[in-house]
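Worksheet: the structure to be examined is printed underneath.
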Amino acid sequence: MLRGRKVVLGVGGSVAAYKSAALARELVRRGCAVRTMLTAAAQHFVTPALFAALTGEAAATALFPVRQGDATPPPTDHVAWAAWAEAAVIAPATADLLGRMAGGLADDLLTTWLLAFPGPVVAAPAMNRHMWSHPAVQRNVARLRADGVRVLQPGFGALAAGEGEGWGRLPDAADVVSALEDVFAAGPPRPRPELPPPCPPLLRERAVVVTAGPTREPIDPVRFISNPSSGRMGYAFAEAARDMGGRVLLVSGPVALPPPAGVDVVSVTTALQMRDAVLAAAPTADLVVFAAAVADSRPAEPSATKLKKGQALEGTLSLVRNPDISAEVGAMGGRRVLVGFAAEAGAGVEEAERKLRAKGLQLVAFNDVREAGAGFGAETNRVVLVDRDGGREEIGPASKRAVAERILARAATLLP
Ligand code: PMT
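For what it's worth, our numbering labels the leading residue of the sequence shown as 13, then goes sequentially.
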């Protein structure tokens, strides 16, 4: 499994570094080509010469090695090493090294190389047991695991410096080798997604309000009227508007999405609460996007106690109409640009044009919520964007983020 594989062994500064020499020998014995990188701290415990002798390859220690006598060794080409390697093993992975890796730092050769290396990484921690159980170390480990690094569980047993027994010993070489075999058995790693091109700053310093998600209209303490909106469309608008330079307020109904960074979020439950939040922010807004699926009506008299079967639920639930938030903002007048949605299931694009006029909006995105890959809950959407001049622009199918970017780019052209 490991024969012919090219592995970079990163050695951190721990007394357990002497065991990584045995690991290097074991990898070579199994047919791996091994190149070693030692951190500055590792060299207090082991030497580059030791690993060069064990692996038959020169060990690297610094991006810019210091001058030795009259000669200055050439810098280590971390990009070439990244192209050469198929996997990385970090052993011992100290608390400091794990922290720098989790933080994406590039303050020495090993961490710089790790950022340039797109392949799989196995990290074998070794440290004092109190350091291993420290919340900051555990946070870094969780971060690295979420990033795809295979952080092994340290071994249990006698620790250095009279620490007694505990979790913190460098995992056995056999466990590290078997993790490496798993990594190769899993096949090539998925390529990292290409980053989207940066958004043009079309909304620089503009105040943008976005509504997102469903509203919930209580019937009693355990029941409500709602709809399947996930909030994805509205959150995509909030993030795209932020990336275009806008100051964004997101008024969100109950959704399972994390609040976007760099966006002010007001969480609401009912249509009346959403209305209050939007009407408070709209007067100073340059652009308002109504992506929320607001419940059109609500129970006239929600019960304060749980209704019994048959009580007011079957046939007799009386509803009252919720205010139309977008129409109320449309009636405010002013020069702000208002973008609405029309969630239709049977009606044509004409219905979006009717809503545009009835609500006083500048743009309305028609989406057919019966279509696969569009509307409620989907990651993607397909819309027809209608404007006041009768123009119709087809957008998508595309990610909700891409749809939001295109609609915001159109809305930006209408800003005074
Ligand atoms: O949240 P996702 O799962 O990503 O799904 C996205 C979506 C389908 C919810 C979204 O693309 C969408 O279509 N949002 C609008 C849903 C809707 O309520 O459409 P409508 O045709 O009923 O309303 C027309 C417009 O008036 C909408 O902009 C709506 O936000 C607004 N409105 C409606 C009722 C109301 N009381 N107040 C409003 O502001």
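The C-beta atom is built at its ideal place from N, Cα and C for all residues, glycine as well.
For residue j and residue i, the rounded distance between their alpha carbons
i: Pro212; j: Gly176; result: 59 Å
i: Glu362; j: Glu405; result: 13 Å
i: Arg162; j: Ala154; result: 10 Å
i: Ala97; j: Val46; result: 9 Å
i: Gly372; j: Val234; result: 36 Å
i: Leu329; j: Ala312; result: 8 Å
i: Arg418; j: Gln374; result: 15 Å
i: Leu14; j: Asp89; result: 25 Å
i: Lys412; j: Tyr247; result: 9 Å
i: Leu262; j: Ala224; result: 7 Å
i: Arg414; j: Leu122; result: One detail in the question is off: residue 414 reads as Ala in this sequence, not Arg. Answer to the nearest angstrom: the Cα atoms are 37 Å apart.
i: Pro226; j: Ser241; result: 5 Å
i: Gly25; j: Ala253; result: 45 Å
i: Val195; j: Leu66; result: 23 Å
i: Glu217; j: Ala273; result: 17 Å
Residue i - containing beta strand (DSSP E), residue span
i: Gly403; result: Neither: Gly403 is in no beta strand (DSSP E) and is coded neither H nor E.
i: Glu177; result: 177–181
i: Asp108; result: First-last for Asp108: 107–114, but that is the alpha helix (DSSP H), not the beta strand (DSSP E).
i: Lys18; result: 18–23
Endpoints, alpha helix (DSSP H) assigned at residue i
i: Pro60; result: 60–67
i: Phe196; result: 185–197
i: Thr124; result: 121–128
i: Pro147; result: 147–158
i: Asp232; result: Careful: Asp232 lies outside any alpha helix (DSSP H), inside the beta strand (DSSP E) at 229–232.
i: Arg333; result: Where Arg333 is concerned, there is no enclosing alpha helix (DSSP H), although the beta strand (DSSP E) it sits in stretches over 331–333.
i: Ala33; result: 29–41
i: Met245; result: 244–255
i: Asp288; result: 283–293
Buried or exposed (CB count within 10 angstroms, at least 16 for buried), residue i
i: Asp380; result: buried
i: Arg333; result: exposed
i: Pro104; result: buried
i: Asp159; result: exposed
i: Arg400; result: exposed
i: Lys367; result: buried
i: Val3; result: Since the first and last residues shown for the chain are 13 and 428, residue 3 lies out of range.
i: Val91; result: exposed
i: Arg204; result: exposed
i: Thr317; result: exposed
i: Ala355; result: buried
i: Gly81; result: exposed
In DSSP terms, what residue i is bridged to
i: Phe168; result: Trp179
i: Asn393; result: Ala410
i: Arg162; result: Val134
i: Arg235; result: Asp232
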